[in-house]
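Colleague: Below are the structure tokens for one structure; questions will follow.
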Amino acid sequence: MLGCSSQRGGSCYLGWLLTLTLTLPLATRGARPKLLLLSFDGFRWDYVDRVPTPNFHALMEEGSIVEQVENTYITKTFPDHYTLVTGLHAETHGIVGNEMYDPDLNASFSMETHSAYEPRWWAGAEPLWVTNQKQGGRSGGVMWPGSDVEIGGAYPSRYLPYNASLSFERRVETMVAWLMGERPGEGVRSVQGGVDFGVLYWEEPDESGHNLGPENPLMDAVIADIDDKLGFLRNELRKMGLYLLPIVNLIVTSDHGMTQLSKDKVIELDQYLDRDLYTWVDKSPVVGILPRDGKLEEVYSALVEANPNMVVYRREQIPERLHYRHNNRIMPIIIEAKEGWTITQNRTTGPHMLGNHGYDNTLPSMHPVLVARGPAFRQDYVKSSMRSVDLYPLMCHILSVRPRPNNGSLARVMDLLSEPSPPTHSTPLEGRYQPSFATALGVVLGVVMVTVFLVVIVKQMTLRQLPSRQSEMAQPLLLEELQL
Ligand SMILES: *[C@@H]1O[C@H](CO)[C@@H](O)[C@H](O)[C@H]1NC(C)=O
Ligand SMILES: *[C@@H]1O[C@H](CO)[C@@H](O)[C@H](O)[C@H]1NC(C)=O
Ligand SMILES: *[C@@H]1O[C@H](CO)[C@@H](O)[C@H](O)[C@H]1NC(C)=O
Ligand SMILES: *[C@@H]1O[C@H](CO)[C@@H](O)[C@H](O)[C@H]1NC(C)=O
Ligand SMILES: [Zn+2]
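Under mature numbering (1 follows the signal peptide of the UniProt record, and there is no 0), read the sequence shown as residues -30 to -1, 1 to 454, first letter to last.
Rendered as structure tokens:
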């Protein structure tokens, strides 16, 4: 086979087998690691123990779980998702709420309108998908907040515009194809050429958590369904040979938890304050109040002692530990409801939710799940706590990306790694940040050439007569084998 003389076929085949055995691990070692970050919106940390969740539990055994992840204030979808990919508190990355008003821009942001696609709102930070690309990587975004917005002049290398109707399964299939490096229409696949950092978002169990309330027994089925969805992802990765590939890592997490509300725990602002005196920007449970010009004192004194189930801050009084002060998009007055309480203007106009989040980020009910598996992570490891800002330096480390300035600390989460001491690839050498396909190909071809050379020498010594096609015969097989 492959140009070996037929009576020499056996030893020749062994030679190639040896070559492959040597080069495949080298090729994946030289290859850029891959990382998929998946968020199930509103998946509270303790949901994994509420009903059987075999897929979550399999990930825990194969990898690590963090029991308490302290997310960032306010514990809402847009702020916390941006924190996960920037390592910055909301006051620094600038996405301080799901609804915002920027007095400098005289403009409003709402996740429900086109404003959410305006780059200016996101420009306070550079998300990891952009940084990864600037350093030679390829990123993919499926519905992650901000991943379909041009930030710092760039979109992810591959992304889908937000579409709530797109099923989880379609989202996963899309992402897995990107990881595989599928180039549509060409039928060409190369893991080396695929996306190496992917972010994927799913709206549940947040939506059901709001509608049903987390204590509702109907939530059991919702949580079981999320576990099935995780199972679907695991199967897709397995089917494509990615699951056990020694370069593929998976982090499954969320932005926040969920707490039970009650009809009896409602605060009506209309009881204390004339609506003409203010605009309310972000809504319950942390309300941003923008008083009309010259009305700041009047509004503040009307609210400060008004109701024992809420705390009223002037912006400059917001506790330092919340890291929620130094940004003009944070309103001059903030009202925070106590856990389980809802702030409204008039209870008859709603909202009529049974579950909510946004409260103090030290409350366990606000904490998201976090499990991680793959070659980068320790197996069967339980870590008691971390902060969500620490995930960013950890992901940068895994991807060998130089982190941007951030509020996290790799040291605080180093114990999650299978190689806690910085492996050589974390050294910020120039070459590490070049696309590593060329490097891997170089390694493969180098080893092939040396092996061919050795085979030639051996044959020369034993046969003295040589077939003359060694170098051409070598490459197609190896390249085929590597297009996983
Ligand atoms: C802010 O924008 C609104 C319209 O959105 C406009 O009525 C108002 O005059 C603007 N304020 C300033 C200070 O430009
Ligand atoms: C959103 O996804 C649904 C389901 O795949 C599809 O039917 C619809 O056309 C998509 N909408 C847009 C705007 O692409
Ligand atoms: C809320 O609205 C209802 C119906 O319009 C009204 O009767 C009630 O007085 C309002 N409550 C407050 C606190 O303004
Ligand atoms: C968070 O990090 C940014 C960037 O380094 C820095 O400007 C900011 O002061 C930090 N915030 C805190 C609370 O340390
Ligand atoms: Zn929500």
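All C-beta atoms, glycine included, are put in the ideal place defined by N, C-alpha and C.
Please go through the same chain and pick out, in chain order, the residues whose beta-carbon is closer than 8 Å to the beta-carbon of Met301, but skip the five residues on each side of it.
Modeller: These residues qualify, in order along the chain: Tyr71, Val251, Asp252, Gly258, Ile259, Leu260 and Arg285.
Colleague: So, using beta-carbon positions, are Arg317 and Val192 closer together than 8 Å?
Modeller: Not in contact: Arg317 and Val192 (Cβ atoms no closer than 8 Å).
Colleague: Leaving out five residues before and five after Thr23 in sequence, what residues of the same chain have Cβ atoms less than 6 Å from its Cβ?
Modeller: Here the set comprises Asp197.
Colleague: Let's test the definition: count the other Cβ atoms within 10 Å of the Cβ of Gly123 and tell me whether it reaches 16, buried, or not, exposed.
Modeller: It counts as exposed.
Colleague: With distances taken between CB atoms, is the gap from Gly12 to Pro175 smaller than 8 Å?
Modeller: A contact, by the Cβ cut-off of 8 Å.
Colleague: Exposed or buried, Asp50, counting other C-beta atoms within 10 Å across all chains shown (16 or more means buried)?
Modeller: Buried, since its Cβ has 16 or more Cβ neighbours within 10 Å.
Colleague: Leaving out five residues on either side along the sequence, give the residues of the same chain with a beta carbon under 8 Å from the beta carbon of Asp246.
Modeller: Here the set comprises Arg262.
Colleague: Rounded to whole angstroms, how far is the Cβ of Pro89 from the Cβ of Glu120, which I believe are closer than 8 Å?
Modeller: Confirmed, about 5 Å.
Colleague: Along the alpha helix (DSSP H) that carries Glu32, what are the first and last residues, could you check?
Modeller: It spans Pro24 to Glu32 - the alpha helix (DSSP H) in which Glu32 sits, taken as one unbroken run.
Colleague: Cβ of Leu58 versus every heavy atom of ligand 4: is any distance shorter than 7 Å?
Modeller: Because some heavy atom of ligand 4 lies under 7 Å away, the Cβ of Leu58 counts as near it: yes.
Colleague: Within the region 91 to 121, note down every full beta strand (DSSP E) run reaching 3 residues or more, in order along the chain.
Modeller: If we require 3 residues or more, the beta strand (DSSP E) runs fully inside the region 91 to 121 come out as 109 to 112.
Colleague: Identify the continuous beta strand (DSSP E) that holds Pro261 and give its terminal residues.
Modeller: It spans Val256 to Pro261 - the beta strand (DSSP E) in which Pro261 sits, taken as one unbroken run.
Colleague: Suppose you measure from the CA of Ser80 to the CA of Asn41; what does that come to, to the nearest Å?
Modeller: Looking at the two C-alpha atoms, the distance is approximately 21 Å.
Colleague: Given 7 Å as the limit, tell me if His180 has its C-beta closer than that to any heavy atom belonging to ligand 5.
Modeller: Yes, ligand 5 has a heavy atom inside 7 Å of this Cβ.
Colleague: Output the distance between the C-alpha atoms of Lys265 and Ala307, rounded to the nearest integer angstrom.
Modeller: Near 22 Å, if we compare the C-alpha coordinates of Ala307 and Lys265.
Colleague: Mapping the DSSP letters down to three states, classify Met145 as helix, strand or coil.
Modeller: Helix, per DSSP.
Colleague: Using DSSP with H/G/I as helix, E/B as strand and the rest coil, what is Gly211?
Modeller: Residue state, collapsed to three classes: coil.
Colleague: What is the DSSP secondary structure of Arg317, counted as helix, strand or coil?
Modeller: Residue state, collapsed to three classes: helix.
Colleague: Under the rule that 16 or more other beta-carbon atoms within 10 Å means buried, what is Glu61, buried or exposed?
Modeller: With 16 or more other Cβ atoms within 10 Å, it is buried.
Colleague: How do the region 377 to 388 and the region 104 to 114 stand: do at least 3 beta-carbon pairs fall below 8 Å, yes or no?
Modeller: The answer is no - the region 104 to 114 does not touch the region 377 to 388, with fewer than three Cβ pairs under 8 Å.
Colleague: Could you please give the first and the last residue of the uninterrupted beta strand (DSSP E) stretch that includes Tyr283?
Modeller: Unbroken beta strand (DSSP E) run through Tyr283: Met280 to Arg284.
Colleague: Helix or strand or just coil, what does DSSP make of Leu452?
Modeller: Caution applies to Leu452, whose pLDDT of 32 falls short of 50 and renders its modelled position unreliable; the value that the coordinates give is listed next. Correct three-state label for Leu452: helix.
Colleague: Can you tell which of Thr56, Gly183 and His27 has its C-alpha closest to the C-alpha of Asn377?
Modeller: Of the listed residues, the one whose Cα sits closest to Asn377 is Thr56.
Colleague: CB of Asn377 to nearest heavy atom of ligand 4: below 7 Å?
Modeller: The answer is yes for Asn377.
Colleague: Less than 8 Å between CB atoms is the rule here; does Glu268 satisfy it with respect to chain C?
Modeller: Structure shown: chain C not included; a single protein chain is present.
Colleague: Go ahead and pull the three-state DSSP assignment for Val383.
Modeller: Coil.
Colleague: On the three-state DSSP scale, how would you describe Thr56?
Modeller: Helix.
Colleague: What residues in its chain sit with their C-beta under 7 Å from that of Ser232, if we drop five residues either side in the sequence?
Modeller: Correct list, in chain order: Gly310.
Colleague: Report yes if the CB atom of Thr144 is closer than 8 Å to the CB atom of Val165, and no otherwise.
Modeller: No.
Colleague: State buried or exposed for Arg299, treating a residue as buried only when at least 16 other CB atoms are found within 10 Å of its CB.
Modeller: Flag for Arg299 reads buried.
Colleague: When you compare the CB positions of Ile217 and Lys4, do they come within less than 8 Å of one another, or not?
Modeller: Yes, they are a contact pair.
Colleague: State the beta-bridge partners of Ser388 as determined by DSSP.
Modeller: DSSP output for Ser388 lists no bridge partner at all.
Colleague: In the DSSP assignment, the alpha helix (DSSP H) including Ala272 goes from what residue to what residue?
Modeller: Segment Leu266 to Val274, the alpha helix (DSSP H) holding Ala272.
Colleague: Compute the Euclidean distance between the alpha carbons of Pro334 and Leu75, then round it to the nearest angstrom.
Modeller: Using only the alpha carbons, I get a separation of about 36 Å.
Colleague: Start and end of the beta strand (DSSP E) containing Asn219?
Modeller: Val218 to Thr223 is the extent of the beta strand (DSSP E) around Asn219.
Colleague: Please check the pair Gly201 and Asn331, which I expect to be a contact at CB under 8 Å, by giving their CB distance rounded to whole angstroms.
Modeller: The Cβ separation is near 30 Å, so there is no contact.
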